[in-house]
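Data first, discussion second: the structure below is written as structure tokens.
Residue numbers (the numbering used here): 7 to 186.
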């Protein structure tokens with residue numbers, strides 16, 4: 007009996023460390039990302055990032071597994087002390103059940119602690135702050151949405167971003183042709 011209990015109590019060394027190791031863990035973390043909102047980073051200065059759970063229906067989870075998600079037009083609102091994501095499109099699969107009427111742009115509830123929501127309410131009421139979805143990802147078998155507390159960029163800021171991006175491309179091209 008003692009040997010049986012001892013064998014059950016042992017954990018593998020990798021599982022007990024709690025920290026992922028090396029590039030393999032980074033690749034695994036990148037593989038669980040569902041969708042990104044690249045437009046949000048271009049249009050807004052992201053001040054803070056928060057992770058929230060999502061309340062989804064069964065057909066939505068199946069569509070998310072297939073990657074049929076679009077966050078580009080989404081934004082987050084606070085109503086009655088709760089967070090809701092509006093404009094996030096999850097397209098239904100063609101094999102959706104016949105008794106379910108899927109709505110691709112249904113308003114979805116986000117789950118966060120009350121203290122965090124109260125803190126966000128205070129910041130969103132300040133002039134110029136808004137909440138935008140940045141990405142959706144899997145975490146421990148659950149769909150999570152990373153939202154950002156953001157301030158809108160002016161037109162000149164967007165132009166600066168484009169100039170910086172084009173400058174980096176030119177430098178990379180020059181370095182590539184030089185190395186040949």
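From the three backbone atoms N, C-alpha and C, an ideal C-beta is built for every residue, glycine too.
### Task
Evaluate the contact criterion for the stretch 113-121 versus the stretch 80-92: three or more CB pairs, one atom per stretch, below 8 Å.
yes
### Query
Counting along the chain, where does the beta strand (DSSP E) carrying residue 83 start and finish?
Along the chain shown, one-based indexing puts residue 83 at 77. Element bounds for residue 83: 81-85.
### Message
Here's a check: name, in chain order, each residue in its chain whose Cβ is nearer than 6 Å to the Cβ of residue 80, leaving out the five neighbours to either side.
### Response
Stepping through the chain shown from its first residue, residue 80 is reached at position 74. Answer for residue 80: 91, 93, 94 and 139, listed in chain order.
### Message
Since residue 75 and residue 96 should fall inside the 8 Å C-beta cutoff, what is the C-beta to C-beta distance between them, to a whole number of angstroms?
### Response
On the chain shown, position 69 is the one that residue 75 refers to. On the chain shown, position 90 is the one that residue 96 refers to. Yes, residue 75 and residue 96 are in contact; Cβ-Cβ is about 5 Å, under 8 Å.
### Closest residue to residue 45 among 183, 154, 186 and 177 (Cα-Cα distance)
Counted from its first residue, the chain shown places residue 45 at position 39. Nearest C-alpha to residue 45: 154.
### Length-filtered (3 minimum) beta strand (DSSP E) runs lying within the stretch 118-172
135-145 and 148-158
#### Entry: From 48, 146, 157 and 108, residue whose alpha carbon lies closest to that of residue 165
The residue given as residue 165 occupies position 159 in the chain shown. Ranking 48, 146, 157 and 108 by Cα distance to residue 165 puts 48 first.
#### Entry: Cβ neighbour criterion (16 or more within 10 Å) applied to residue 168
Your numbering for residue 168 matches position 162 in the chain shown. It counts as exposed.
### Message
In this structure, how does DSSP classify residue 36 when only helix, strand and coil are distinguished?
### Response
In the chain shown, residue 36 corresponds to position 30, counting from 1. Note on residue 36: pLDDT 48, under 50, position unreliable in the model; no value is reported.
### Query
For residue 41, which three-state DSSP category applies?
Taking the first residue of the chain shown as position 1, residue 41 is located at position 35. If DSSP states are grouped into helix, strand and coil, residue 41 belongs with the strands.
### Task
Specify, as a first and last residue, the run of the alpha helix (DSSP H) that residue 64 falls within.
The count along the chain shown starts at 1 and reaches residue 64 at position 58. Here the alpha helix (DSSP H) through residue 64 covers 64-71.
### Message
Using a 10 Å radius around the Cβ and a threshold of 16 neighbouring Cβ atoms, would you call residue 162 buried or exposed?
### Response
Residue 162 sits at position 156 when you count from the first residue of the chain shown. Per the 10 Å Cβ criterion, exposed.
### Span of the beta strand (DSSP E) around residue 105
By 1-based counting over the chain shown, the position of residue 105 is 99. First-last for residue 105: undefined, no H or E at that position.
### Query
Just the Cα atoms here: how many angstroms apart are residue 152 and residue 144?
Taking the chain shown and counting its residues from 1, one reaches residue 152 at position 146. Taking the chain shown and counting its residues from 1, one reaches residue 144 at position 138. Whole-angstrom Cα-Cα distance: 11 Å.
### residue 93, enclosing beta strand (DSSP E) - first and last residue
As a working note, residue 93 is residue 87 in the chain shown. Residue 93 -> no beta strand (DSSP E), and no H or E assigned at all.
### Message
Just to confirm the assignment, what range does the beta strand (DSSP E) spanning residue 55 have?
### Response
Here residue 55 is taken as the residue at index 49 of the chain shown, counted from 1. Residue 55 -> beta strand (DSSP E) spans 50-60.
### Inter-residue Cα distance where the pair is residue 106 and residue 100
Position 100 of the chain shown holds residue 106. Position 94 of the chain shown holds residue 100. Spanning the two alpha carbons is a distance of roughly 12 Å.
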